[in-house]
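Chains as they are written, first to last, in this note's numbering: chain A, 43 to 157; chain B, -3 to 111. Written out below as structure tokens is the structure these notes cover.
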Amino acid sequence: NAGVTQTPKFQVLKTGQSMTLQCAQDMNHNSMYWYRQDPGMGLRLIYYSASEGTTDKGEVPNGYNVSRLNKREFSLRLESAAPSQTSVYFCASTAGETLGTDTQYFGPGTRLTVL
Amino acid sequence: AQSVTQLGSHVSVSEGALVLLRCNYSSSVPPYLFWYVQYPNQGLQLLLKYTSAATLVKGINGFEAEFKKSETSFHLTKPSAHMSDAAEYFCAVSLMDTGRRALTFGSGTRLQVQP
């Protein structure tokens, strides 16, 4: 049981390049989330998916797109990376479908630098 | 409007001393409250959560937190710090926002434990 896995662990992009961050969970959870973590700002929700087939914007969705490929996988895409998107990105999942009531299980993170 | 505030971005204690990490929230309705811990280069993991049951919540690794409605606080404590407690701690509050729940993380408190 690997929990929540994320790939890649590290990535360096040039401004304007695109990339997709991958996330998968093997806990049969319904909901999945993407956060970004910046120094002194805690975690901010980018997008979430309450159940397979649904996605919704969080606090900071601009510049990102997501796909809930199936119940296990939730990807985050940067279409045209900007230096402001330099951050650590975390994927998380919860068993339930209601945001903010269940324990969140986090992946190890992806450290992204945009030059 | 900020709904969760962690007082002190850095806290330093001696090994064996009391640990007190402060968290205040703003809400007119009962919230759900969480404390998460993040060890270096890892994702967050749940320490404890309050979901309107007992006001004193016990978590893992000897931590506990008390929900005080009159003070709108949910401070995290541990009677005796251990070197392995050195990490960053995040308070999170789940509130109803425009008809749906939203989970907001505080900016974090880095705990340093001195030998």
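Cβ atoms here follow ideal geometry from the backbone N, Cα and C, with glycine treated the same way.
Within chain B, partners of Met83/A - CB distance below 8 Å: Ser103
Same chain, Cβ closer than 8 Å to Ser5/B, five either side skipped, listed in chain order: Ser103, Gly104, Thr105, Arg106
Straight-line Cα distance separating Leu72/B from Gly58/B: 11 Å
Interface flag, Gly55/B vs chain A, CB-CB below 7 Å: no
Val89/B - partner residues in DSSP beta bridges: Leu29/B, Thr100/B
Short Cβ contact (7 Å threshold) for Thr97/A with Val108/A: yes
Cutoff 7 Å: Tyr35/B Cβ touching any chain A Cβ: no
Neighbour flag for Tyr28/B against chain A, beta carbons, 7 Å: yes
Beta-carbon proximity of Cys87/B to Gln2/B, cut-off 7 Å: yes
Within-7 Å CB hit, Phe148/A to chain B: yes
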